[in-house]
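Note sheet for the following structure.
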Amino acid sequence: MLDLVDECLELFLRASVPLKTTDIDMSFEAPDREWAATLTRPTVNLFLWDIRRSAERSKSGMATVVRDGTRVHQPAHPVVELRYVVTAWTSDHGDERVLLAGVMRSLLAYSSVPREHLPGPIAHLKAPTLAMARAGEDHMDVFKALEGKVKPGLNLVVTSEFDTGVFTVAGPPIDSIETAVGFINGGTERRRRIAGQVHNADEIGAVGATVRSSIDTTTVNGAGQFLLRAVPGDEITLDVHPPLVVVVPAAGGVEMKRS
20 MLDLVDECLE LFLRASVPLK TTDIDMSFEA PDREWAATLT RPTVNLFLWD
70 IRRSAERSKS GMATVVRDGT RVHQPAHPVV ELRYVVTAWT SDHGDERVLL
120 AGVMRSLLAY SSVPREHLPG PIAHLKAPTL AMARAGEDHM DVFKALEGKV
170 KPGLNLVVTS EFDTGVFTVA GPPIDSIETA VGFINGGTER RRRIAGQVHN
220 ADEIGAVGAT VRSSIDTTTV NGAGQFLLRA VPGDEITLDV HPPLVVVVPA
270 AGGVEMKRS
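Numbered by the working numbering, the letters in the sequence shown go through residues 20 to 278 in order.
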């Protein structure tokens, strides 16, 4: 997935600085002397030198999402911090400063990569955030990295979610909860909490309306949903004009709509 983060950084910088492909190359290779000797055009280099899990933005817990049309449970995406050193390479030091200044302007202007620059495989994740390392934070020694070559560099911190691809397929959604009530003189009455959905609830004035069964009463929420106790064969009545009535099935929830 690191290559996808590299790709979104390149798309972002080429659009925001801008860095035209006909004029300027971008590289993510180690900027050593051997690499520098191969350059033939102005180049912006982003070298990834440090990877660590974010202590401040890491999350825990599980989420239910849809992957490829299937409901799954997956752990919260881990968040990592990627540290890059950004350098500009041209035959003229003045041109290098202008090129690096353009990159710096973009990094200071945007707190995260705009979503239109996220490649498809990571488009479902939160957009990576961008920050220039501040005084006192970890920095890469640019001079040491470049084997003593004097060159200014920007230390960039990219914070990104990572999709590990770990998940478990979720079961069908719960539409009722069944309980049994026993009586002293024998016999059992089976009751269930019935999940209901009212179609076009706003249009028929159902939001906030009362829903009744023989043993319970509730109201319809803003999403057109309700939950109440009932027994199989019982009638559920929605107090709208005219009222809607459905019969509780032996299993599952109910849907209410105008015919």
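Even glycine gets a Cβ: it sits at the ideal position worked out from N, Cα and C.
The structure displayed is predicted, hence computed values, not measured ones.
Name the residue from the options whose alpha carbon lies nearest to the alpha carbon of residue i.
i, options, result
"A269", "R277, A249, L263, L257", "A249"
"I223", "A214, I255, L175, P262", "P262"
"A150", "H143, I141, L126, A142", "L126"
"S35", "T236, L119, D87", "L119"
"P50", "R124, V217, K170, R153", "K170"
"V217", "D42, S232, F245", "F245"
So the alpha helix (DSSP H) residue i belongs to, where does it begin and stop?
i, result
"D22", "21-35"
"R71", "Counting along the chain, R71 falls outside any alpha helix (DSSP H), though it belongs to the beta strand (DSSP E) covering 62-72."
Applying the 10 Å Cβ sphere with the 16-neighbour rule, what's the burial state of residue i?
i, result
"G139", "exposed"
"A220", "buried"
"I70", "exposed"
"V24", "buried"
"G243", "buried"
"R60", "exposed"
"L21", "exposed"
"P62", "Looking at the sequence shown, residue 62 is not Pro but Thr. Flag for T62 reads buried."
Between which two residues does the beta strand (DSSP E) containing residue i stretch?
i, result
"V104", "98-108"
"S46", "44-46"
"S179", "173-180"
"E274", "273-275"
"R90", "89-94"
"R248", "244-249"
Among the residues of its own chain, which have a CB less than 8 angstroms from the CB of residue i, if the five just before and after it don't count?
i, result
"E48", "W54, N64, F66"
"A146", "S131, V132, P133, R134, L137"
"R72", "P97, V98, V99, E100"
"D235", "L247, R248, A249"
Which same chain residues end up closer than 7 angstroms to residue i when comparing Cβ atoms and leaving out the 5 residues on each side of it in sequence?
i, result
"G172", "V104, V105, T106, V161"
"A128", "none"
When DSSP labels each residue in this structure, what does residue i get in the three-state scheme?
i, result
"H112", "helix"
"G121", "helix"
"A142", "coil"
"A214", "strand"
"E254", "strand"
"L52", "Note on residue identity: the sequence assigns Arg, not Leu, to residue 52. R52 falls in the helix class under three-state DSSP."
"A150", "strand"
"E263", "The sequence shown places Leu at residue 263, rather than the Glu named in the question. Reduced to three states, the DSSP call for L263 is strand."
Excluding the five sequence neighbours on either side, which residues of its own chain have a C-beta within less than 6 angstroms of the C-beta of residue i, listed in chain order?
i, result
"F202", "The predicted model places F202 with a pLDDT of 46, which falls under 50 and marks its position as unreliable; any figure quoted below should be read in that light. Hits under 6 angstroms: none found."
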